[in-house]
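Residue numbers (the working numbering), protein chains in the order written: chain U, 116 to 407; chain C, 2 to 222; chain E, 3 to 217.
Heads up, the beta-carbon is just placed ideally off N, CA and C, and yes, glycines get one too.
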């Protein structure tokens with residue numbers, strides 16, 4: 116499978132933050148969710164991909180092209196929605212669309228018009244008068260109207276109401292599944308990522324701490340509830356986020372398939388119970404590590 | 002209000018610091034060494050520099066407010082509009098007073114010639130009056146139109162101020178028989194204290210209007 | 003590049019028309035004789051036009067995060083910087099030509115007209131070089147910091163001519179006469195290509211600075 120995005124050992128240092136040897140790959144036609152707490156380096160990574168920030172070292176290839184030497188070609192094939200969509204606030208929506216269309220080879224005016232209608236954005240309104248949600252919607256409409264092969268979205272659902280958020284996510288899933296477009300989406304709203312992503316990358320303190328398919332991740336990470344002495348000592352000590360309460364103890368494993376055999380007896384006797392985790396739980400476990 | 006004044010004082014301190022810290026000693030060095038005694042025309046020219054120092058500080062300060070969405074931020078704090086506007090005007094007043102005060106002390110210490118002294122003081126008061134009036138009008142414009150729009154207008158006004166004296170002179174002379182030198186002389190005879198009082202009144206008037214604009218328009222630029 | 007020009011041309015055009023209409027208006031108030039004050043004032047306005055329009059154009063970009071918008075679009079640094087440098091060049095020289103045409107309606111001896119033309123070209127060239135330096139400053143440290151720095155620098159530099167005037171007290175007529183002779187004697191066939199070359203050099207420097215600066 117060819118890769119739409121390949122990042123190798125990307126490094127960028129600021130005074131109080133360092134993006135440290137980030138590597139990841141996004142295969143064609145899949146959705147990759149970049150998850151991490153605030154200040155983890157998600158926006159920095161995406162801005163480096165867009166050549167809006169210069170990396171100190173590392174290599175980025177998009178569509179097999181170097182992102183620095185083929186910036187224009189790449190941007191013609193990429194749709195980008197920034198963390199805080201920026202427009203010339205004194206210009207109308209239709210002026211903005213018309214102006215931006217001039218930069219792209221494959222601008223589809225009908226598609227843009229249709230999306231404005233779908234999103235309920237007034238064409239005559241000045242972009243500075245749009246609400247935060249409307250700004251995100253306009254940004255999405257602009258990012259999709261040149262039919263990009265890759266979408267880079269930085270927290271695109273932040274500020275959207277649940278109905279529109281669901282609609283946006285469905286559109287993204289549709290674009291990926293039926294049109295084979297790749298999507299790289301960052302968010303700290305893990306529900307959104309869980310809903311649409313095929314691959315998950317956890318970025319914490321500027322480092323990739325986890326990179327896995329969503330299904331693989333959810334299969335590996337489980338919370339184990341157990342009564343005292345029901346677990347082997349080796350397993351207990353390997354658990355993250357251990358807690359001991361009146362009714363028993365619990366902890367999180369990141370390697371459930373390999374433990375499954377050794378837990379079978381406990382599962383049968385119901386002295387051990389296994390609970391599925393969501394991405395939020397996994398993120399918290401990753402951030403807190405072995406903290407109990 | 003003191004906190005607001007302190008927040009806004011950076012630009013004023015920078016420019017006054019440059020003037021008093023860099024050029025003042027340079028000018029005085031020449032004078033003390035007796036290499037190049039000060040003449041009145043140079044002194045008067047130096048006084049007019051106050052207008053640049055004050056208006057430059059106002060412009061720089063407002064650019065920083067615009068960049069950092071300062072007014073939007075201030076509007077979330079428990080501060081009244083009059084305090085926000087008042088602090089701006091107070092700072093202009095304090096900066097003008099500092100300039101005038103330091104110069105007056107300088108005159109008193111350095112010059113003996115009473116004619117020289119009187120001319121210097123008169124010009125200082127006149128320039129200070131103009132300075133207060135112009136700064137008041139500047140702020141009035143900023144609070145009425147917002148920084149972005151008003152700075153465009155201000156550039157046009159400055160261009161106009163370069164161009165307009167010539168046609169004005171021609172029109173006054175040809176249509177009304179008034180010579181511009183006569184106007185200048187009569188302005189020069191205008192009592193400086195009266196001029197200062199008038200400009201102070203106008204300064205306060207623009208302050209009142211600016212507070213009203215800020216209240217009504219809620220410009221958050 | 004045309005789309006970037008489309009975004010920035012308005013302020014240059016508005017000030018251009020404002021100045022031209024104003025100067026044409028003043029011209030018709032004057033007689034046939036060349037007016038020294040009008041000449042001097044027009045040159046200052048020509049210089050200020052480039053600076054003022056550029057500052058206002060960049061202030062707009064700053065307010066609306068214009069460079070961040072452009073950096074997300076398929077347009078490279080050369081096109082952005084090129085467009086930025088092209089506008090002052092074209093507009094300033096168009097205004098210069100318009101002024102030369104306007105002043106040709108005066109009746110004046112040929113050497114005086116040479117002086118007027120040379121003076122306008124000098125004003126436009128100085129404005130243009132200042133514009134190039136301003137772009138370098140703005141690309142390097144951002145508009146707001148630049149305004150603070152440039153105002154401070156102007157505060158500092160503003161006193162230099164005064165000091166020069168003091169040092170040359172009693173000899174100012176001679177200084178002015180020399181200055182005028184210098185301006186009259188400028189060979190613009192040589193100077194104009196040199197100016198364009200210098201402007202191009204400033205553009206390349208600005209391009210380098212932009213290439214190493216995050217959006």
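Look at the alpha carbon of residue i and the alpha carbon of residue j, and state the distance between them as a whole number of angstroms.
i, j, result
"residue 118 of chain U", "residue 178 of chain U", "7 Å"
"residue 179 of chain E", "residue 170 of chain U", "56 Å"
"residue 110 of chain E", "residue 35 of chain E", "7 Å"
"residue 120 of chain U", "residue 312 of chain U", "15 Å"
"residue 98 of chain E", "residue 196 of chain U", "43 Å"
"residue 19 of chain C", "residue 307 of chain U", "55 Å"
"residue 292 of chain U", "residue 71 of chain C", "46 Å"
"residue 260 of chain U", "residue 3 of chain E", "21 Å"
"residue 104 of chain E", "residue 59 of chain E", "27 Å"
"residue 387 of chain U", "residue 317 of chain U", "29 Å"
"residue 52 of chain C", "residue 205 of chain E", "34 Å"
"residue 115 of chain C", "residue 121 of chain C", "10 Å"
"residue 197 of chain C", "residue 212 of chain C", "22 Å"
"residue 222 of chain C", "residue 153 of chain C", "Residue placement at residue 222 of chain C cannot be trusted, given a pLDDT of 44 that sits under 50; what the coordinates show is reported in the next sentence. Computed Cα separation, rounded: 14 Å."
"residue 214 of chain E", "residue 158 of chain U", "19 Å"
"residue 27 of chain E", "residue 18 of chain E", "14 Å"
"residue 361 of chain U", "residue 304 of chain U", "32 Å"
"residue 172 of chain U", "residue 137 of chain U", "10 Å"
Can you look up residue i in the DSSP assignment and give me helix, strand or coil?
i, result
"residue 166 of chain U", "coil"
"residue 142 of chain U", "strand"
"residue 324 of chain U", "strand"
"residue 79 of chain E", "helix"
"residue 21 of chain E", "helix"
"residue 292 of chain U", "helix"
"residue 129 of chain E", "helix"
"residue 350 of chain U", "helix"
"residue 256 of chain U", "helix"
Is the CB of residue i under 9 Å away from at least one CB in chain C?
i, result
"residue 191 of chain E", "no"
"residue 26 of chain E", "no"
"residue 13 of chain E", "yes"
"residue 61 of chain E", "yes"
"residue 121 of chain E", "no"
When you compare the CB positions of residue i and residue j, do they come within less than 9 Å of one another, or not?
i, j, result
"residue 137 of chain C", "residue 204 of chain C", "yes"
"residue 137 of chain E", "residue 65 of chain E", "no"
"residue 194 of chain E", "residue 127 of chain E", "yes"
"residue 45 of chain E", "residue 135 of chain E", "no"
"residue 69 of chain E", "residue 13 of chain E", "no"
"residue 60 of chain C", "residue 139 of chain C", "yes"
"residue 92 of chain C", "residue 50 of chain E", "no"
"residue 352 of chain U", "residue 358 of chain U", "no"
"residue 139 of chain U", "residue 147 of chain U", "yes"
Would you kindly report the start and end of the unbroken alpha helix (DSSP H) that includes residue i?
i, result
"residue 45 of chain E", "38-65"
"residue 205 of chain U", "Taken as a continuous stretch (DSSP letters only), residue 205 of chain U belongs to no alpha helix (DSSP H), as it is neither H nor E."
"residue 70 of chain E", "68-73"
"residue 174 of chain C", "166-177"
"residue 225 of chain U", "224-234"
"residue 9 of chain C", "3-19"
"residue 376 of chain U", "371-384"
"residue 269 of chain U", "From DSSP, residue 269 of chain U is part of no alpha helix (DSSP H) but of the beta strand (DSSP E) over 265-269."
"residue 242 of chain U", "Here residue 242 of chain U belongs to no alpha helix (DSSP H), and DSSP marks it neither H nor E."
Along the chain, where does the beta strand (DSSP E) that runs through residue i open and close?
i, result
"residue 193 of chain U", "193-196"
"residue 390 of chain U", "387-391"
"residue 360 of chain U", "355-360"
"residue 119 of chain U", "118-128"
Taking only beta-carbon atoms, is residue i less than 9 Å away from chain U?
i, result
"residue 75 of chain E", "yes"
"residue 71 of chain E", "yes"
"residue 170 of chain E", "no"
"residue 147 of chain E", "no"
"residue 37 of chain E", "no"
Please decide whether residue i counts as near chain E, where near means a Cβ-Cβ distance under 9 Å.
i, result
"residue 198 of chain C", "no"
"residue 57 of chain C", "yes"
"residue 112 of chain C", "no"
"residue 107 of chain C", "no"
"residue 84 of chain C", "no"
"residue 264 of chain U", "no"
"residue 368 of chain U", "no"
Is there at least one non-hydrogen atom of the ligand NAD closer than 8 Å to the beta-carbon of residue i?
i, result
"residue 203 of chain E", "Judged by which ligands are present, the structure shown has none, so any question about the ligand NAD falls away."
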